[in-house]
Amino acid sequence: GAVVSQHPSRVICKSGTSVKIECRSLDFQATTMFWYRQFPKQSLMLMATSNEGSKATYEQGVEKDKFLINHASLTLSTLTVTSAHPEDSSFYICSARDQRGISYEQYFGPGTRLTVT
Amino acid sequence: GQSLEQPSEVTAVEGAIVQINCTYQTSGFYGLSWYQQHDGGAPTFLSYNGLDGLEETGRFSSFLSRSDSYGYLLLQELQMKDSASYFCAVRDYNFNKFYFGSGTKLNVKP
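Those sequence lines, one after another, are chains A and B. The first sequence lines up with residues 643 to 759 when you count with the numbering used here. The second sequence lines up with residues 3 to 112 when you count with the numbering used here.
This is the structure we're talking about:
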C-alpha cells in the first residue's frame, strides 16, 4: 500500500516551453501533497504544499507564476513548469500524505528528472 | 525559518554501528523524521520522533532531544545495501510541513 506515482519519469524540453508533471496517489486519498526540488547531491527543497480543492501554498522564494500547482482531486496533483529555462533543470519529487494515515508520514513518488535545453 | 545540519559524509565497514547526527534551528518544531535515499531513487521513511527519547525499528534507531535541538539516527549491523544518503527533516508545527537537512552520504565498505 501507500504508492505514489509520478509521470513522466524523465523529460527533456526546450527553453521557453512548459512541462507538466503529474503526481498520483494510487491506493489512498491524499488531501495534502508536497512538491520538492532536488539538485544533484543536495537536499530536498520544499517548493509548495498542495491542498485538494484550494490554492497551493508556496515557500518563500518560489515563483508561483512559474511553478503552477493544481490539486484537482484527492489522488492527483500537477506541477507545471512554465517558460522553462536551463536553470529549472532538476529532479522534482512529490509526496503525499494519506488523509486517514499517520500525520507525520509522507509517501514519496519516484521523481521526475527535468532537463531544459 | 529552518536550518538543519548533518555531516556530509560518513564511512563505515559492514557489521559496524554508525551514528548520523542532526542539529536544527526552527521557528516551530513538531517532530523529527529520518529518510533514506538511494542514488536516483525516492526518499523512504525510516523513523519519526515526536517526543524526547529513543525510537527503535529493527536495525535502525532514532533519538531526539528537544531541549538540545538535536537528534541522531543509529544504524546497527551495517550492510552494504545501507549505502545511501540519509536525511533528517523537521516537521513544522504550524503547517505540518517538512524541511529537510542537507543529507549525509553513508558509504559502507566490506
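We treat Cβ as the ideally placed atom computed from N, Cα and C, and that holds for glycine. Quick caveat: nothing in here was measured; it's all calculated off a predicted structure.
Between the region 69-101 of chain B and chain A, which residues of the former have a C-beta closer than 9 Å to a C-beta of the latter?
Taking a C-beta cut-off of 9 Å against chain A, the contacting residues of the region 69-101 of chain B are S87, F89, A91, R93, F97, N98, K99, F100, Y101, listed in chain order.
Reduced DSSP secondary structure (H/G/I, E/B, other) of K99 (chain B)
On the second sequence, position 97 is the one that residue 99 (chain B) refers to. In this structure, DSSP gives K99 (chain B) a state outside helix and strand, which the three-state scheme calls coil.
By alpha-carbon positions, which one of A:E694, A:Q680, A:R679, A:S660 ends up nearest to S667 (chain A)?
Position 25 of the first sequence, counted from the start, is the residue given in the question as residue 667 (chain A). Nearest C-alpha to S667 (chain A) among A:E694, A:Q680, A:R679, A:S660: A:E694.
Return the Cβ separation of V704 (chain A) and A726 (chain A) in integer angstroms, given the expectation that the two are a contact with Cβ distance under 8 Å.
Your numbering for residue 704 (chain A) matches position 62 in the first sequence. Your numbering for residue 726 (chain A) matches position 84 in the first sequence. The Cβ separation is near 15 Å, so there is no contact.
Among A:Q671, A:T754, A:I744, which residue has its Cα nearest to the Cα of H713 (chain A)?
For the purposes of this step, residue 713 (chain A) is taken as the residue at position 71 of the first sequence. Checked all of A:Q671, A:T754, A:I744; the closest Cα to H713 (chain A) is A:Q671.
N109 (chain B) burial status per 10 Å Cβ neighbour count (16 or more: buried):
For this step, residue 109 (chain B) is matched to residue 107 along the second sequence. N109 (chain B) should be labelled exposed.
Taking Cβ-Cβ distances shorter than 9 Å, what residues in chain B pair up with I735 (chain A)?
Working through the first sequence from its first residue, we reach residue 735 (chain A) at position 93. Residues of chain B with a Cβ closer than 9 Å to the Cβ of I735 (chain A) are, in chain order, A44, P45.
Check distances from the C-beta atoms of the region 736-752 of chain A to those of chain B and list, in chain order, the residues that come in under 9 Å.
Within the region 736-752 of chain A, the residues whose Cβ lies closer than 9 Å to any Cβ of chain B are, in chain order, S737, R739, I744, S745, Y746, E747, Q748, Y749, F750, G751, P752.
Between the Cα of Y72 (chain B) and the Cα atoms of B:C90, B:T46, B:K111, which residue gives the shortest distance?
Along the second sequence, read from residue 1 onward, the residue named residue 72 (chain B) stands at position 70. The option with the nearest alpha carbon to Y72 (chain B) is B:C90.
Buried or exposed: which applies to K706 (chain A), given that a residue is buried once 16 or more other Cβ atoms fall within 10 Å of its Cβ?
Stepping through the first sequence from its first residue, residue 706 (chain A) is reached at position 64. With fewer than 16 other Cβ atoms from the protein chains shown falling within 10 Å of its own Cβ, K706 (chain A) counts as exposed.
Where DSSP assigns a beta bridge to F709 (chain A), which residues make up the other side?
Within the first sequence, numbered from 1, the residue matching residue 709 (chain A) stands at position 67. DSSP lists A:V723 as partners of F709 (chain A).
Would you identify the three-state DSSP class for L111 (chain B), choosing helix, strand or coil?
Position 109 of the second sequence holds residue 111 (chain B). The sequence given here places Lys at residue 111 (chain B); Leu does not occur at that position. Reduced to three states, the DSSP call for K111 (chain B) is strand.
Assigned exposure category for R93 (chain B) - 16 Cβ within 10 Å defines buried:
Position 91 of the second sequence, counted from the first residue, corresponds to residue 93 (chain B). Under a 10 Å Cβ-count criterion, R93 (chain B) is classified as buried, with 16 or more other Cβ atoms of the shown protein chains found around its own Cβ.
Would you decide whether E646 (chain A) is buried or exposed? Buried here means 16 or more other CB atoms lie within 10 Å of its CB.
As a first step, residue 646 (chain A) must be located in the first sequence, where it is residue number 4. Here residue 646 (chain A) is Val; the residue named in the question, Glu, does not match the sequence. That one is buried.
By alpha-carbon positions, which one of A:C736, A:S745, A:I744, A:Q741 ends up nearest to G751 (chain A)?
Walking along the first sequence from the start, residue 751 (chain A) turns up at place 109. The residue with the shortest Cα to Cα distance from G751 (chain A) is A:C736.
Proximal residues, the region 686-712 of chain A versus chain B, C-beta separation under 7 Å
Cβ contacts with chain B come from L686, L688, T691.
Bridge-paired residues (DSSP) for S732 (chain A)
As a first step, residue 732 (chain A) must be located in the first sequence, where it is residue number 90. Its beta-bridge partners are A:L756.
Candidates A:S715, A:M687, A:T674, of which the one nearest S745 (chain A) by Cα
Counting from one through the first sequence, the residue named residue 745 (chain A) turns up at place 103. The option with the nearest alpha carbon to S745 (chain A) is A:T674.
Listed by chain order, chain A residues near Y26 (chain B) by CB distance under 9 Å:
As a first step, residue 26 (chain B) is located in the second sequence; it is residue number 24 there, counting from the start. Per Cβ cutoff of 9 Å: no residues; Y26 (chain B) is ~13 Å from chain A at best.
Same chain only: Cβ atoms within 6 Å of D730 (chain A), ignoring 5 sequence neighbours per side
Position 88 of the first sequence, counting from 1, holds the residue named residue 730 (chain A). Cβ within range, chain order: V723, V758.
In or out: S35 (chain B) buried (at least 16 other Cβ within 10 Å) or exposed?
In the second sequence, counting from the first residue as 1, residue 35 (chain B) sits at position 33. The residue is buried, with at least 16 neighbouring Cβ atoms inside 10 Å.
6 Å Cβ shell around A698 (chain A) - same chain, five flanking residues per side excluded
For this step, residue 698 (chain A) is matched to residue 56 along the first sequence. A690, S692, I711, listed in sequence order.
Report yes if the CB atom of K107 (chain B) is closer than 8 Å to the CB atom of E16 (chain B), and no otherwise.
For the purposes of this step, residue 107 (chain B) is identified with residue 105 of the second sequence, where counting begins at 1. For the purposes of this step, residue 16 (chain B) is identified with residue 14 of the second sequence, where counting begins at 1. K107 (chain B) places its beta carbon 8 Å or farther from that of E16 (chain B).
I'd like to know whether the C-beta of F676 (chain A) is nearer than 8 Å to at least one C-beta of chain B.
The residue given as residue 676 (chain A) occupies position 34 in the first sequence. For F676 (chain A), the answer is yes, since a Cβ of chain B falls inside 8 Å of its Cβ.
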